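Colleague: Below you'll find the structure I mean.
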Amino acid sequence: PSNFAQSQAIMSGGNPDDYGELSQESDAPFVQDKNSFDALEAFYTAGENNDVFLRKLTELRGKYQHVRAIRGDGNCFYRAYAFAIFESLVNDPAGAKAMKEKLEGIFKTLTG
535 PSNFAQSQAI MSGGNPDDYG ELSQESDAPF VQDKNSFDAL EAFYTAGENN DVFLRKLTEL
595 RGKYQHVRAI RGDGNCFYRA YAFAIFESLV NDPAGAKAMK EKLEGIFKTL TG
C-alpha cells in the first residue's frame, strides 16, 4: 500500500508511534478531508501518556464538529491556519465581506 494509505490506517487505529513519520510523506494530501474526532481519539488512546491531549480533545469536541489532518512538512501550521480562515470565509459570506473591508483598510494604510 502507499504511504498515504498506511497513514490513513494508522489514524484509524494503528500504531501511534508510526504516525509522525508517515504524516510527512509526499503522497499524502496537504489538507485531508474532514474527519470525526473518533479516529483521532482512538489514535491517541492507543499510545501512552496522552491524558492531557485526550482532555484537550474533549474540549475541542465541544467547539468544533470535525478535524482535518495536515501534512507535516514545516509549513503545516501556516497551511492549517490559512485553510481554516479560507474555509470559514467560504461558509460565511457576511464574514468574508467584513474581512475584505478590513484587508482593504490595512492595504490602504500600508501603501499610503
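In this text, residue positions in the sequence shown follow the numbering used here: the first is 535, and each later residue adds one.
All C-beta atoms, glycine included, are put in the ideal place defined by N, C-alpha and C.
Predicted model, so just to flag it, every value in this text is computed and none were measured.
#1: Would you call the region 562 to 578 and the region 600 to 620 in contact, with 3 or more CB pairs under 8 Å?
#2: Among the residues of its own chain, which have a CB less than 7 Å from the CB of residue 565, if the five just before and after it don't count?
#3: Could you check which residue in 610, 638, 625, 597 has the C-alpha nearest to that of residue 563?
#4: Looking at the structure shown, is residue 555 part of a helix, part of a strand, or coil, going by DSSP?
#5: Please report how far the alpha carbon of residue 640 lies from the alpha carbon of residue 581, in whole angstroms.
#6: Let's see if you can read the secondary structure: which residues bound the alpha helix (DSSP H) around residue 635?
#7: Quick one: Cα of residue 584 to Cα of residue 646, how far?
#8: To which residues of the same chain is residue 619 closer than 6 Å at the C-beta, ignoring the five residues directly before and after it?
#9: May I have the straight-line CA-CA distance separating residue 538 from residue 643, to the nearest angstrom?
Modeller: Taking the coordinates as given:
#1: yes
#2: In the sequence shown, counting from the first residue as 1, residue 565 sits at position 31. 602, 604, 613, 617, listed in sequence order.
#3: For the purposes of this step, residue 563 is taken as residue 29 along the sequence shown, with counting starting at 1. Residue 610 is the option with its Cα nearest to residue 563.
#4: In the sequence shown, the residue the question calls residue 555 occupies position 21. At residue 555 the pLDDT is 47, less than 50, meaning the model places this residue with poor confidence; the figure from the coordinates comes in the next sentence. DSSP places residue 555 in helix when its eight states are reduced to three.
#5: Taking the first residue of the sequence shown as 1, we reach residue 640 at position 106. Taking the first residue of the sequence shown as 1, we reach residue 581 at position 47. Taking the straight line from one Cα to the other gives about 46 Å.
#6: On the sequence shown, position 101 is the one that residue 635 refers to. Segment 627 to 645, the alpha helix (DSSP H) holding residue 635.
#7: Within the sequence shown, the letter at position 50 stands for residue 584. Within the sequence shown, the letter at position 112 stands for residue 646. The straight-line gap from Cα to Cα measures roughly 50 Å.
#8: Here residue 619 refers to the residue found at position 85 of the sequence shown. None.
#9: One-based indexing of the sequence shown puts residue 538 at position 4. One-based indexing of the sequence shown puts residue 643 at position 109. Here residue 538 scores only 48 on pLDDT, less than 50, and its place in the model is too uncertain to base an answer on.
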